[in-house]
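Enquirer: Please find one structure pasted underneath; my questions will follow.
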Amino acid sequence: KKFKMISYKQSRKILKNSKIIFKNEIIKSSNCINRVAAENILSKTNNPLEDNAAFDGFAINSKDTKNLKKKGKLFKIIGIVSAGDKPTKKRNKKFQTIEIMTGGILPKGFDTIIPIEQIIFYPNKKNPKFIFVNKKIKKHQHVRTKGSDFKRTNLLVKKGTILQPNHILALKTLGISKVKVKKI
85 KKFKMISYKQ SRKILKNSKI IFKNEIIKSS NCINRVAAEN ILSKTNNPLE
135 DNAAFDGFAI NSKDTKNLKK KGKLFKIIGI VSAGDKPTKK RNKKFQTIEI
185 MTGGILPKGF DTIIPIEQII FYPNKKNPKF IFVNKKIKKH QHVRTKGSDF
235 KRTNLLVKKG TILQPNHILA LKTLGISKVK VKKI
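In this text, residue positions in the sequence shown follow the working numbering: the first is 85, and each later residue adds one.
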């Protein structure tokens, strides 16, 4: 067989019009550093999953503080919520509070947190039955709201992105253990 030589210009044109196809593979997200995302990666869940406490403190309903002045009001302590506790379904009554630890899920009926450092206990700190509140407290103070870091279906990584440690951290945080990347 004889081969015909083509010009440099022709060869460049052929290469320019040719597609180089890289196949995909699925790998562990912990091993994907410096790999290229083969598809858009979306958040599968909200993060945080629910409204939760950003600080240790006491959860209240901000509406109960709407008309408070210097005279103040006692809020009855009705329990405690730790990080990892299942959310309570019990409805709270007006002027009630619940102690909450950092990361604890905000119980139904409560929408804001007063940090522990700002709490005035009654009758005293050793025998607390109530907390004393004497000013209006805004809604969502010291609360990490549901989906404030990542919302379900948010685009985390765009197709074609070179994956870096910050991407891996987000993937791990959201429980994404495997990703589709371009084969090398």
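No residue lacks a Cβ here, since even glycine has one placed at the ideal position from N, Cα and C. No experiment lies behind these values; they were computed from the predicted model shown.
1) State the CB to CB distance for the pair Ala-143 and Pro-191, rounded to an integer number of angstroms; the pair is presumed to be in contact (CB under 8 Å).
2) The beta strand (DSSP E) spanning Ile-252 covers which residue range?
3) With a floor of 4 residues, list each alpha helix (DSSP H) that falls wholly inside the region 180-267, ordered by position along the chain.
4) Give every residue of the same chain whose Cβ lies closer than 7 Å to the Cβ of Lys-157, excluding the five residues on either side of it in the sequence, and list them in chain order.
5) In terms of alpha-carbon separation, which member of Ile-161, Val-120 and Lys-153 lies closest to Phe-205?
6) Please list, in chain order, all residues of the same chain as Ser-166 whose beta carbon is under 6 Å from its beta carbon, the five residues on each side excluded.
7) Expressed to the nearest angstrom, what Euclidean distance is found between the alpha-carbon atoms of Arg-119 and Lys-100?
8) Can you tell me the Cβ-Cβ gap for Leu-126 and Lys-230, rounded? I've got them flagged as a contact below 8 Å.
9) Three-state secondary structure (DSSP) at Leu-133?
10) Relative to the alpha-carbon of Lys-128, which residue among Ile-200, Lys-235, Asn-250 and Lys-267 has its alpha-carbon at the smallest distance?
11) Within this structure, are the beta carbons of Pro-199 and Phe-159 separated by less than 7 Å?
12) Classify Asn-151 as buried or exposed, calling it buried when 16 or more other Cβ atoms lie within 10 Å of its own Cβ.
13) Give the range of the beta strand (DSSP E) segment to which Lys-157 is assigned.
14) With DSSP as the reference, please indicate the residues paired to Phe-142 in a beta bridge.
15) Would you call the region 249-261 and the region 169-178 in contact, with 3 or more CB pairs under 8 Å?
16) Once the 5 residues before and after Gly-193 are set aside, which same chain residues still bring their CB inside 7 Å of it?
17) Under the three-state reduction of DSSP, which class applies to Asn-124: helix, strand or coil?
18) If you compare alpha carbons, which of Cys-116, Gly-141, Lys-147 and Gln-94 is closest to Lys-267?
19) Can you list, in chain order, the residues of its chain with a C-beta nearer than 7 Å to that of His-224? Leave out the 5 residues immediately preceding and following it.
20) Please classify Gly-244 as buried or exposed, where buried requires at least 16 neighbouring CB atoms within 10 angstroms.
Expert: So, from the data block:
1) 7 Å
2) Not the beta strand (DSSP E): Ile-252 falls in the alpha helix (DSSP H), residues 249-257.
3) 249-257
4) Phe-179 and Val-217
5) Ile-161
6) Met-185 and Gly-188
7) 24 Å
8) The pair is not a contact, with the Cβ atoms about 17 Å apart (cut-off 8 Å).
9) coil
10) Lys-235
11) no
12) exposed
13) 157-165
14) Glu-183 and Ile-198
15) no
16) Asn-145, Arg-175 and Asn-176
17) coil
18) Cys-116
19) Asp-195 and Thr-196
20) exposed
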